[in-house]
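Structure first, commentary second.
2 protein chains.
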Amino acid sequence: MPYFDAASSAPLHPVARQALQASLDEGWADPARLYREGRRARLLLDAAREAAADAVGCRPDELVFTSSGTRALHAGISGALAGRRRAGSHLVVSAVEHSAVLHAAEGRPVTEVPVDRWGAVSPGVFAEALREDTALACLQSANHEVGTEQPVAEVAGLCRTAGVPLLVDAAQSLGWGPVDGDWSLLTASAHKWGGPAGVGLLVVRKGVRFAPQDPADERESGRAPGFENIPAIVAAAASLRAVRDEAESEARRLRELVDRIRTRVPELVPDVEVVGDPVRRLPHLVTFSCLYVDGETVLHDLDREGFSVSSGSSCTSSTLTPSHVLRAMGVLSEGNVRVSLPSGTAEEDVDRFLEVLPGVVAGVRGRLGAPTEAAPTSAASRALVVDALGKRCPVPVIELAKVIGDVPVGGTVTVLADDEAARLDIPAWCEMRDQEYVGESPAPGGTAYVVRRRG
Amino acid sequence: MPYFDAASSAPLHPVARQALQASLDEGWADPARLYREGRRARLLLDAAREAAADAVGCRPDELVFTSSGTRALHAGISGALAGRRRAGSHLVVSAVEHSAVLHAAEGRPVTEVPVDRWGAVSPGVFAEALREDTALACLQSANHEVGTEQPVAEVAGLCRTAGVPLLVDAAQSLGWGPVDGDWSLLTASAHKWGGPAGVGLLVVRKGVRFAPQDPADERESGRAPGFENIPAIVAAAASLRAVRDEAESEARRLRELVDRIRTRVPELVPDVEVVGDPVRRLPHLVTFSCLYVDGETVLHDLDREGFSVSSGSSCTSSTLTPSHVLRAMGVLSEGNVRVSLPSGTAEEDVDRFLEVLPGVVAGVRGRLGAPTEAAPTSAASRALVVDALGKRCPVPVIELAKVIGDVPVGGTVTVLADDEAARLDIPAWCEMRDQEYVGESPAPGGTAYVVRRRG
Numbered sequence: 003m004p005y006f007d008a009a010s011s012a013p014l015h016p017v018a019r020q021a022l023q024a025s026l027d028e029g030w031a032d033p034a035r036l037y038r039e040g041r042r043a044r045l046l047l048d049a050a051r052e053a054a055a056d057a058v059g060c061r062p063d064e065l066v067f068t069s070s071g072t073r074a075l076h077a078g079i080s081g082a083l084a085g086r087r088r089a090g091s092h093l094v095v096s097a098v099e100h101s102a103v104l105h106a107a108e109g110r111p112v113t114e115v116p117v118d119r120w121g122a123v124s125p126g127v128f129a130e131a132l133r134e135d136t137a138l139a140c141l142q143s144a145n146h147e148v149g150t151e152q153p154v155a156e157v158a159g160l161c162r163t164a165g166v167p168l169l170v171d172a173a174q175s176l177g178w179g180p181v182d183g184d185w186s187l188l189t190a191s192a193h194k195w196g197g198p199a200g201v202g203l204l205v206v207r208k209g210v211r212f213a214p215q216d217p218a219d220e221r222e223s224g225r226a227p228g229f230e231n232i233p234a235i236v237a238a239a240a241s242l243r244a245v246r247d248e249a250e251s252e253a254r255r256l257r258e259l260v261d262r263i264r265t266r267v268p269e270l271v272p273d274v275e276v277v278g279d280p281v282r283r284l285p286h287l288v289t290f291s292c293l294y295v296d297g298e299t300v301l302h303d304l305d306r307e308g309f310s311v312s313s314g315s316s317c318t319s320s321t322l323t324p325s326h327v328l329r330a331m332g333v334l335s336e337g338n339v340r341v342s343l344p345s346g347t348a349e350e351d352v353d354r355f356l357e358v359l360p361g362v363v364a365g366v367r368g369r370l371g372a373p374t375e376a377a378p379t380s381a382a383s384r385a386l387v388v389d390a391l392g393k394r395c396p397v398p399v400i401e402l403a404k405v406i407g408d409v410p411v412g413g414t415v416t417v418l419a420d421d422e423a424a425r426l427d428i429p430a431w432c433e434m435r436d437q438e439y440v441g442e443s444p445a446p447g448g449t450a451y452v453v454r455r456r457g
Numbered sequence: 003m004p005y006f007d008a009a010s011s012a013p014l015h016p017v018a019r020q021a022l023q024a025s026l027d028e029g030w031a032d033p034a035r036l037y038r039e040g041r042r043a044r045l046l047l048d049a050a051r052e053a054a055a056d057a058v059g060c061r062p063d064e065l066v067f068t069s070s071g072t073r074a075l076h077a078g079i080s081g082a083l084a085g086r087r088r089a090g091s092h093l094v095v096s097a098v099e100h101s102a103v104l105h106a107a108e109g110r111p112v113t114e115v116p117v118d119r120w121g122a123v124s125p126g127v128f129a130e131a132l133r134e135d136t137a138l139a140c141l142q143s144a145n146h147e148v149g150t151e152q153p154v155a156e157v158a159g160l161c162r163t164a165g166v167p168l169l170v171d172a173a174q175s176l177g178w179g180p181v182d183g184d185w186s187l188l189t190a191s192a193h194k195w196g197g198p199a200g201v202g203l204l205v206v207r208k209g210v211r212f213a214p215q216d217p218a219d220e221r222e223s224g225r226a227p228g229f230e231n232i233p234a235i236v237a238a239a240a241s242l243r244a245v246r247d248e249a250e251s252e253a254r255r256l257r258e259l260v261d262r263i264r265t266r267v268p269e270l271v272p273d274v275e276v277v278g279d280p281v282r283r284l285p286h287l288v289t290f291s292c293l294y295v296d297g298e299t300v301l302h303d304l305d306r307e308g309f310s311v312s313s314g315s316s317c318t319s320s321t322l323t324p325s326h327v328l329r330a331m332g333v334l335s336e337g338n339v340r341v342s343l344p345s346g347t348a349e350e351d352v353d354r355f356l357e358v359l360p361g362v363v364a365g366v367r368g369r370l371g372a373p374t375e376a377a378p379t380s381a382a383s384r385a386l387v388v389d390a391l392g393k394r395c396p397v398p399v400i401e402l403a404k405v406i407g408d409v410p411v412g413g414t415v416t417v418l419a420d421d422e423a424a425r426l427d428i429p430a431w432c433e434m435r436d437q438e439y440v441g442e443s444p445a446p447g448g449t450a451y452v453v454r455r456r457g
């Protein structure tokens, strides 16, 4: 049963399991105690810290273990901001950071640096956002939804010049290799590389002003309160080393499989947009969006076929809004599918996915009455206003596609919709279909989107 | 090798180990995902929540899993205070709460309710501390250093009458049974009952105003950010159920062993004070302090004999101050030893501890030149001022004991000391020796403690 959602959580690596089991007997005691059980626990913790620091490329005393990647981000952001209180409180983040970063930034003055259509920031644009009162900048090493790598080393250099510390969220990439560049803080999450849940990393380079904001606690240099979870920490460090040993060859192999998906999906499935940078990207992750498909149904149908994937479509989020990453990139969000291959993914499973996908997408489209590739023109209706109020993604786009053939070239059609995804998907459809997106305006009960027919 | 420090961390219960290993295969995926791996993880999480809620005596939707007991306390206190912002910001805590509670209270208006010599608060005194602007009260179910149970049910009733929510830190007692009474919030820590590290519980009763203070996160009802550690959560819930099944018989057995220690230690070792309530106490925990002994050496020597215990003496803390619990109780802090028996402790190990202890204590006293029971009077020196400046605990008390026999009845001796522990231990020595403690005053380089000889 192929699991293709490693970017959410990777299955436990065999080395992690082994290390976890081996350290359950030695790692349960309080490492702050001086008796033998405590000393043993301390030895395990120290060794894990050294191994993790080695993989990150930092000093052991710069690295603490937190209880999750989210906690590492919260502690890193709040501690760095507090440490730079005198400089100001302004924060610079990319628009495609993980929601944990964006939530930690809420209530503060924030500049979100836009990304290009591939999902990457421009170092120059990022640097322009840095102000006199900027206390901290945050940039992910690679995006969790589309896999695009960010120009971290260049941005880190520009931040250094500006005297602003850069925090790098390396959650998606640390298993593949260290993060280059002169960054100041770094965070990661063990269960993303096949380590156990319950372990994050927070690295604060020597010389970076840092003032922990949690209540005082003696553990982990005062930066991560709560009793240390040593067996999980040992397993996290051991598996990081293990995945790094395999990283080069496994990256090459998975990159090929992902390339196959990137190439074949648009050939096999009509009206698909593959998103994210085709070259500067994580080796194991690819995202594409299918016109006229709703994400929840396609996920459900793929699950029935045995494939576990995720989606940034609005219908699959608890807030019923499309992923902020896809929004920031300005790409189609409907029928969104993210495939992220865990280490060891079999070639046959990828091939079978490519076999199954076209039928699944066609099935969803058929049930929704979506236009087929052949003939979008058909209707007798000459209505230039499409009322899709109350209809959820992807119906507004389907209705638009149904009538566009009836619009005279140079004429317009107006789509009335109240689903938030339409704001993203109608312009994206226009770009894919080479139609002109004129704009939106408020309308009773929703928004009116105007599209002019080009050809 | 007998480990007698269960109150710091208990060895992993066999059921916890079994449950952890069994759920590594099913519990690694994201429980928020709808594919089969996610659904399986969700089922495990839901079942664990029901089991834990059943053991606590609450509804499953009142309970969330945090990454540690410390985190549960931090989140519980900050969330309850924020939820009651309109009432005020005043906090009432007992003087013997865990340091995580006291640290979380820092920077807020706090009333510390004193305890009696057994370590318990009086419900009436606790209730008197509640004010118009009190937002929250905190009381542990039982003390972690001396084992004394607090009158939680009575205090909860009084808090309810006053309209103030009560948070109960049940870290030390939850394995032994549910916490009675009409409390509002409750916290606990799995590794104290033989569950794995990395799991805490936070219970917030329906109707309690609560506003989480961490950055927004969808996990655990927004009360505990970060990816759920499901295998550990499953193990925590399974082991809680298992220890509860054994609790009644094991409590009876350990209570007897602890009674043996409480009775025999003062018979076997001269100049010992057993502290904490002899009846209303945790079944497995006993604390005593030995005059003329330094805690670090006695711990070290016991470790060499194979016994792992902890201490609240100043020399064993990173701050070089005696435990705030012993200080609040006004009992001797020097030579402090806490014995907390894990489930399954063998009777023979306790007996061997009782065999070994007298020699260990005598050895430490011998090396320090402490007065023997027989003849504290000896010295030719008639000096009525003892200069113990620069000497660490227990030396100031040893020097005092050496000269007291030379002081005429009704006369005084002044001890000059700069070790913080003397402030606690000289009065405690006076009480044990039936001498009159006159008081203290500042002196050059330290403090002058005046003692009058009674008999």
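Going down the list, the protein sequences come from chains W and V. To convert, take the position in the first sequence, counting from 1, and add 2; that gives my numbering. To convert, take the position in the second sequence, counting from 1, and add 2; that gives my numbering. We put the beta carbon where it would ideally sit given N, CA and C, even for glycine.
Give me the subset of the region 209-220 of chain W whose CB atoms are less than 9 Å from a CB atom of chain V, sorted by chain position.
216, 217, 218, 219, 220
Checking 7 Å against the spacing of the C-beta atoms, do residue 146 of chain V and residue 9 of chain V come in under that value?
Closer than 7 Å, so yes.
Three-state secondary structure (DSSP) of residue 380 of chain V
A caution first: residue 380 of chain V carries a pLDDT of 43, below 50, which makes its placement in the model unreliable, though a value can still be read off. The answer is coil: DSSP assigns residue 380 of chain V none of H, G, I, E or B.
Is residue 3 of chain V buried or exposed, if buried means 16 or more other CB atoms sit within 10 Å of its CB?
exposed
Would a check of beta-carbon distances place residue 42 of chain V closer than 7 Å to chain W?
no
Taking contact to mean at least 3 C-beta pairs separated by less than 8 Å, is the region 139-153 of chain V in contact with the region 279-287 of chain V?
yes
Does the region 314-323 of chain V come close enough to the region 436-449 of chain W that 3 or more CB-CB pairs lie under 8 Å?
no
Check whether residue 415 of chain W and residue 405 of chain W have beta carbons under 7 Å apart:
For residue 415 of chain W and residue 405 of chain W, yes; Cβs fall inside 7 Å.
Have a look at residue 26 of chain V and residue 401 of chain V and give me their C-alpha separation to the nearest angstrom.
58 Å
How many Å lie between residue 44 of chain W and residue 191 of chain W at the Cα?
22 Å
Specify the secondary structure class of residue 150 of chain V as computed by DSSP and reduced to three states.
Looking at residue 150 of chain V - three-state DSSP - the assignment turns out to be strand.
Run through DSSP, which three-state label would residue 62 of chain V get?
helix
Would you identify the three-state DSSP class for residue 290 of chain W, choosing helix, strand or coil?
strand
Counting contacts by CB-CB distance shorter than 7 Å, is residue 145 of chain V in contact with chain W?
no
In the region 72-86 of chain W, which residues sit with their C-beta less than 8 Å from some C-beta in chain V, listed in chain order?
72, 73, 76
Can you list, in chain order, the residues of its chain whose CB lies under 8 Å from that of residue 221 of chain W, leaving out five sequence neighbours each side?
34, 227, 228, 229, 230
Is the region 5-24 of chain W touching the region 335-349 of chain W in the sense that three or more CB pairs, one from each, lie closer than 8 Å?
yes
Check residue 447 of chain V in the structure and name its three-state DSSP category.
coil
Taking just the CA atoms, how far does residue 77 of chain V sit from residue 105 of chain W?
17 Å
Rounded straight-line distance, which links the Cα of residue 292 of chain V to that of residue 386 of chain V:
25 Å
Tell me the start and end of each unbroken beta strand (DSSP E) in the region 92-157 of chain W that is at least 3 residues and wholly inside, in chain order.
92-96, 112-115, 136-142
Looking at chain W, is there any beta carbon in it that lies within less than 7 Å of the beta carbon of residue 294 of chain V?
Not closer than 7 Å to any Cβ of chain W, the Cβ of residue 294 of chain V fails to qualify, so no.
Determine the extent of the beta strand (DSSP E) in which residue 186 of chain V is found, giving its start and end residues.
Residue 186 of chain V -> no beta strand (DSSP E), and no H or E assigned at all.
With H, G and I counted as helix, E and B as strand and the rest as coil, what does DSSP make of residue 438 of chain V?
strand
Between the beta-carbon of residue 47 of chain W and the beta-carbon of residue 232 of chain W, is there less than 7 Å?
yes
Under the three-state reduction of DSSP, which class applies to residue 322 of chain W: helix, strand or coil?
coil
C-alpha gap between residue 373 of chain V and residue 265 of chain V, whole angstroms:
23 Å
Continuous beta strand (DSSP E) assignments of at least 3 residues falling wholly in the region 301-377 of chain W
338-342
Please name the residues in the region 225-256 of chain V whose beta-carbon is closer than 8 Å to at least one beta-carbon of chain W, in chain order.
Residues of the region 225-256 of chain V that bring their beta carbon within less than 8 Å of a beta carbon in chain W comprise 227, 228, 229, 230, 231, 232, 233, 234, in sequence order.
Given 8 Å as the limit, is there contact between the region 198-211 of chain V and the region 52-70 of chain V, that is, 3 or more CB pairs closer than that?
yes
In whole angstroms, give me the CA-to-CA distance for residue 384 of chain W and residue 418 of chain W.
Since pLDDT at residue 384 of chain W reaches only 49, below the 50 mark, its modelled position is unreliable, and the value read off the structure follows with that caveat. If you take the alpha carbons of residue 384 of chain W and residue 418 of chain W, they lie about 16 Å apart.
Hey, how far is the Cα of residue 137 of chain V from the Cα of residue 111 of chain W?
30 Å
Simplified DSSP assignment, three categories, for residue 283 of chain V:
strand
With respect to the beta strand (DSSP E) encompassing residue 81 of chain W, which residues constitute its N-terminal and C-terminal limits?
No beta strand (DSSP E) contains residue 81 of chain W, which is instead part of the alpha helix (DSSP H) from 71-85.
Per-residue DSSP class, three states only, for residue 273 of chain V:
DSSP places residue 273 of chain V in coil when its eight states are reduced to three.
Say whether chain V places a C-beta atom closer than 7 Å to the C-beta of residue 105 of chain W.
yes
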